[in-house]
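Following: one structure in structure tokens, then a few remarks.
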Amino acid sequence: MKMQEKLQHFYKVSLESAQEEAQKEIESYEKELEDGFASYKEDKLRQEETNRKTEQESARRQINKEISSEQIELRRRLSVCRDECKQQLFQEVEQKLKDYRKDPSYEEYLFGKYKKVLAFAGDDTIELILSSGDAAFAKSLEKKLAHAITVSDEDFGGGIRAVIEARNIQIDDSFSSMMEAERQSYIYEGGVTHE
């Protein structure tokens with residue numbers, strides 16, 4: 053081979069070798085880039101998933117906080133409405149009791165109550181007490197019962213009271229006592245679910 057051919061051959065072999073090495077370097081570099089990109093992509097996806105979960109949890113907590121706050125406000129408003137309904141109901145009942153005390157049948161009611169108390173007392177001494185607001189019925193009831201009636205200084209809203217000292221018994225069948233007992237024990241069961 054001539055020198056020219058040798059040089060040509062050497063140049064060709066060197067070029068092929070350099071191209072192979074360059075190709076290997078490029079492939080190695082591309083593989084590193086692909087691996088790095090895949091790793092970067094995984095990290096970013098993982099970070100994005102973590103951020104998404106954190107934001108969802110934060111949003112869920114915020115929603116729960118708002119729901120809780122709204123429930124508290126609704127319960128407060130419901131309580132206010134219940135109190136208003138209860139107050140209105142008892143005002144209406146008190147008005148009906150006042151109206152009933154003006155009705156002629158009220159005197160018969162008092163008479164019936166006193167008769168039961170007298171029967172309960174039997175032979176024991178009993179003091180019959182009438183509300184000051186019902187003083188107008190005292191004389192008539194005393195005649196019907198053939199028993200003295202004490203008119204109280206206090207207006208206990210109607211009804212009767214009596215004392216049997218021998219047995220240490222105090223009977224309070226007054227409207228004010230009954231109303232107070234009802235106020236204390238009354239539970240409003242209203243609304244959609246009757247809570």
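Numbering (the working numbering), first residue to last: 53 to 247. Beta carbons: idealized from backbone N, C-alpha and C, even for Gly.
Close-in-space but distant-in-sequence residues of the same chain around residue i (CB under 8 Å, 5 per side omitted)
{"i": "A218", "result": "D176, T177"}
{"i": "M230", "result": "G211"}
{"i": "R127", "result": "none"}
{"i": "V215", "result": "I178, E179, I181, I221, Q222, I223"}
{"i": "E146", "result": "G209, M231"}
{"i": "E118", "result": "none"}
Own chain, CB closer than 7 Å to residue i, minus 5 neighbours either side, in chain order
{"i": "R235", "result": "F142"}
{"i": "L149", "result": "G209, G210, F227"}
{"i": "A173", "result": "I216"}
{"i": "E247", "result": "Only weak support exists for where E247 lies, its pLDDT of 47 falling under 50; the coordinates are left without a value."}
Helix, strand or coil at residue i [DSSP, three-state]
{"i": "G211", "result": "strand"}
{"i": "H246", "result": "Here H246 scores only 46 on pLDDT, less than 50, and its place in the model should not be relied on; the value that follows carries that caveat. H246: coil per DSSP, three-state reduction."}
{"i": "D205", "result": "coil"}
{"i": "I223", "result": "strand"}
{"i": "I239", "result": "coil"}
For residue j and residue i, the rounded distance between their alpha carbons
{"i": "E72", "j": "V65", "result": "10 Å"}
{"i": "Y81", "j": "M55", "result": "37 Å"}
{"i": "I78", "j": "A70", "result": "12 Å"}
{"i": "E122", "j": "V132", "result": "15 Å"}
{"i": "L162", "j": "T202", "result": "14 Å"}
{"i": "I221", "j": "P156", "result": "30 Å"}
{"i": "L180", "j": "R213", "result": "6 Å"}
{"i": "K83", "j": "T102", "result": "28 Å"}
{"i": "R113", "j": "Q99", "result": "21 Å"}
{"i": "V169", "j": "E144", "result": "29 Å"}
{"i": "E194", "j": "I124", "result": "57 Å"}
{"i": "E57", "j": "E86", "result": "42 Å"}
{"i": "N116", "j": "K96", "result": "30 Å"}
{"i": "D151", "j": "L197", "result": "25 Å"}
Close Cβ partners of residue i (< 6 Å) along its chain, the five nearest in sequence each way excluded
{"i": "K167", "result": "none"}
{"i": "L59", "result": "none"}
{"i": "D135", "result": "none"}
Neighbour flag for residue i against chain C, beta carbons, 8 Å
{"i": "K168", "result": "Looking at the structure shown, chain C is missing, and only one protein chain is on hand."}
Cβ-heavy atom distance, residue i to the ligand SAM, below 7 Å
{"i": "Q71", "result": "Ligands are entirely absent from the displayed structure, and the ligand SAM is therefore not among its contents."}
Start-end ranges of the alpha helix (DSSP H) lying completely within the stretch 138-201, minimum 4 residues: With a minimum length of 4 residues, the continuous alpha helix (DSSP H) runs that stay inside the stretch 138-201 are 157-173, 190-197.
Completely contained alpha helix (DSSP H) runs for the stretch 90-114, where each covers 4 or more residues: DSSP runs (the alpha helix (DSSP H)) wholly in the stretch 90-114: none.
Cβ contact check for the stretch 171-189 and the stretch 200-211: 3 or more pairs under 8 Å: In short, these stretches touch, since the Cβ pair count reaches three.
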